[in-house]
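Chemist:
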Amino acid sequence: MGIWVDTDMGVDDLAALLLAQRLGIDGISLVFGCAEIPAVRANALAACAAFGWPDPVQGADCAILGETETAERILGASGQPTRGARLPEVPDRPLAPALPALAGWLDGHSDAQILALGPLTNLATLVLAHPELCANIGCITWMGGATGRGNHTEHAEFNAIADPEALAVLLSRGIPIDMVDLEPCRRVVIEEQHIAPLPQPMRDLMGGYLDIGLSRGRSGMALYDPVAAALLVAPRLFSLSDVSLSIELHDAERLGQTIVAPHGAHRVIAGLDADAVRDLCLSALWETS
Ligand code: RIB
Ligand code: CA
Numbered sequence: 105m106g107i108w109v110d111t112d113m114g115v116d117d118l119a120a121l122l123l124a125q126r127l128g129i130d131g132i133s134l135v136f137g138c139a140e141i142p143a144v145r146a147n148a149l150a151a152c153a154a155f156g157w158p159d160p161v162q163g164a165d166c167a168i169l170g171e172t173e174t175a176e177r178i179l180g181a182s183g184q185p186t187r188g189a190r191l192p193e194v195p196d197r198p199l200a201p202a203l204p205a206l207a208g209w210l211d212g213h214s215d216a217q218i219l220a221l222g223p224l225t226n227l228a229t230l231v232l233a234h235p236e237l238c239a240n241i242g243c244i245t246w247m248g249g250a251t252g253r254g255n256h257t258e259h260a261e262f263n264a265i266a267d268p269e270a271l272a273v274l275l276s277r278g279i280p281i282d283m284v285d286l287e288p289c290r291r292v293v294i295e296e297q298h299i300a301p302l303p304q305p306m307r308d309l310m311g312g313y314l315d316i317g318l319s320r321g322r323s324g325m326a327l328y329d330p331v332a333a334a335l336l337v338a339p340r341l342f343s344l345s346d347v348s349l350s351i352e353l354h355d356a357e358r359l360g361q362t363i364v365a366p367h368g369a370h371r372v373i374a375g376l377d378a379d380a381v382r383d384l385c386l387s388a389l390w391e392t393s
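If you read the sequence shown in the numbering used here, its first letter stands for residue 105, the second for the next number, and so on.
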């Protein structure tokens, strides 16, 4: 049995899926985030056609409370910056809705593993609509949150602040979450020499992603979503701590800040072999040639 991937289909999401496919991908649901949902859908249709993944299903185009916060300011309107090449475009078409597809998949599982790479809106909607299926979720491995400095605001990581109430819903329903937050991801850095040998179009796509870091005067760019995929594929490269997790919903300045306290039902990354995780992530990009 494979995993379910919920994604906002930026470049790092694509790299994460390429690694996660080693576990088998049972389904892919789309959520707004890196870009607005039509661009997310275009990216997903292209990726699923190129790599033979299951047809994606269409999820939320806005947060539970109605806002649509995207990362277009950094990633551009497509959500996938590139130095030139990209995956071949596929004609747009309507997709099946995410909620029944997710519920149907979850219904057949007892220890379902979900890899979440964007705002948690689809998964919160799922547990609200189908509380009877909550016990079937083994774990949501989520790239999101910040135990230190944020990236979208001073205190908040993008996937967390794009729908903070969604995380609050999952926490209130007792869903187990392994949170791969910004701090461990910042230790897994790609530089020019890592992407130069990649096959196209991944070289140009990862180049566009690397340029985000270079344009800020850094020598590299942290991998985010692939680190969460790596936790599922190669847990031996990580150590985890049990924590209690909460999210700030009230203080405007700290909105979306994830708060971690010792002991609890959730887990964060306490340590990782950063070079080995980076090499594992890069190995998945090689396989695209
Ligand atoms: O903050 C990084 C996260 O925001 C990643 O998941 C990236 O793809 C965007 O969704
Ligand atoms: Ca993402």
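Idealized CB from N, CA, C, for every residue including glycine. If you're wondering where the values come from, they're calculated on a predicted model, not measured in any experiment.
Which residues does DSSP list as the beta-bridge partners of W209?
Modeler: According to DSSP, W209 bridges with nothing at all.
Chemist: Are G368 and S348 touching if we call contact CB-CB under 7 Å?
Modeler: Cβ distance < 7 Å, so G368 and S348 count as in contact.
Chemist: Any heavy atom of ligand 1 closer than 6 Å to the Cβ of Y328?
Modeler: Result yes, Cβ under 6 Å from ligand 1.
Chemist: What separation, rounded to the nearest whole angstrom, lies between the Cα atoms of I316 and I178?
Modeler: The alpha-carbon atoms of I316 and I178 are separated by roughly 7 Å.
Chemist: Going along the chain, which unbroken runs of the beta strand (DSSP E) with 3 or more residues stay wholly within the region 308 to 334?
Modeler: Entirely contained in the region 308 to 334, the beta strand (DSSP E) runs reaching 3 residues are, in chain order, 324 to 326.
Chemist: Nearest CA to the CA of A150: which residue from M247, P305, R320?
Modeler: Out of M247, P305, R320, P305 has the C-alpha closest to the C-alpha of A150.
Chemist: Give every residue of the same chain whose Cβ lies closer than 7 Å to the Cβ of L127, excluding the five residues on either side of it in the sequence, and list them in chain order.
Modeler: Around L127: G106, I107, L336, V337.
Chemist: Look up G371 in the DSSP assignment and give the residues it is bridged to.
Modeler: The question names Gly, yet the displayed sequence has Arg at residue 371. D282, D346.
Chemist: Do R187 and D308 have their beta-carbon atoms positioned less than 7 Å apart in this structure?
Modeler: Against a cut-off of 7 Å, the Cβ pair of R187 and D308 comes out as a contact.
Chemist: Is any non-hydrogen atom of ligand 1 found closer than 6 Å to the C-beta of C385, if you look at the structure I gave you?
Modeler: No, Cβ of C385 sits at least 6 Å from all heavy atoms of ligand 1.
Chemist: Are the Cβ atoms of A167 and T225 separated by less than 7 Å?
Modeler: Cβ distance < 7 Å, so A167 and T225 count as in contact.
Chemist: If you compare alpha carbons, which of L219, I299, P288 is closest to D112?
Modeler: D112 has its Cα closest to that of L219, out of L219, I299, P288.
Chemist: Apart from the five residues just before and just after P268, which ones in its own chain have a Cβ nearer than 7 Å to its Cβ?
Modeler: Excluding positions up to five away in sequence, the list reads I351, L353, L359, G360.
Chemist: Please tell me whether T257 and E287 are closer than 7 Å, where the distance is taken between their beta carbons.
Modeler: Taking 7 Å as the Cβ cut-off, T257 and E287 do not qualify as a contacting pair.
Chemist: Do you know offhand how far M310's Cα is from M283's?
Modeler: In a straight line, the C-alpha of M310 is about 24 Å away from that of M283.
Chemist: Between A202 and V231, is the Cβ-Cβ spacing less than 7 Å?
Modeler: No; because the gap between Cβ atoms is not below 7 Å, this pair is not in contact.
Chemist: Closer than 6 Å to a non-hydrogen atom of ligand 2 - does that hold for the CB of G114?
Modeler: It does: the Cβ of G114 is within 6 Å (strictly closer) of some heavy atom of ligand 2.
Chemist: How is the beta strand (DSSP E) around C243 delimited, first residue to last?
Modeler: Its beta strand (DSSP E) spans residues 241 to 247.
Chemist: Leaving out five residues before and five after V115 in sequence, what residues of the same chain have Cβ atoms less than 6 Å from its Cβ?
Modeler: Hits under 6 Å: Q184, L309, Y313.
Chemist: Just curious, the alpha helix (DSSP H) that I387 is in, first and last residue?
Modeler: Per the sequence shown, the amino acid found at residue 387 is Ser instead of Ile. Run containing S387: 378 to 390, per the alpha helix (DSSP H) assignment.
Chemist: Taking S133 and D110 to be in contact with their CB atoms under 8 Å, please state how far apart those CB atoms are, rounded to whole angstroms.
Modeler: Rounded, the Cβ-Cβ distance is 5 Å, consistent with contact.
Chemist: Would you check if the distance between the CB atom of L302 and the CB atom of C385 is smaller than 7 Å?
Modeler: Not in contact: L302 and C385 (Cβ atoms no closer than 7 Å).
Chemist: Can you tell me which residues form a DSSP beta bridge with G131?
Modeler: In DSSP, G131 forms a bridge with W108.
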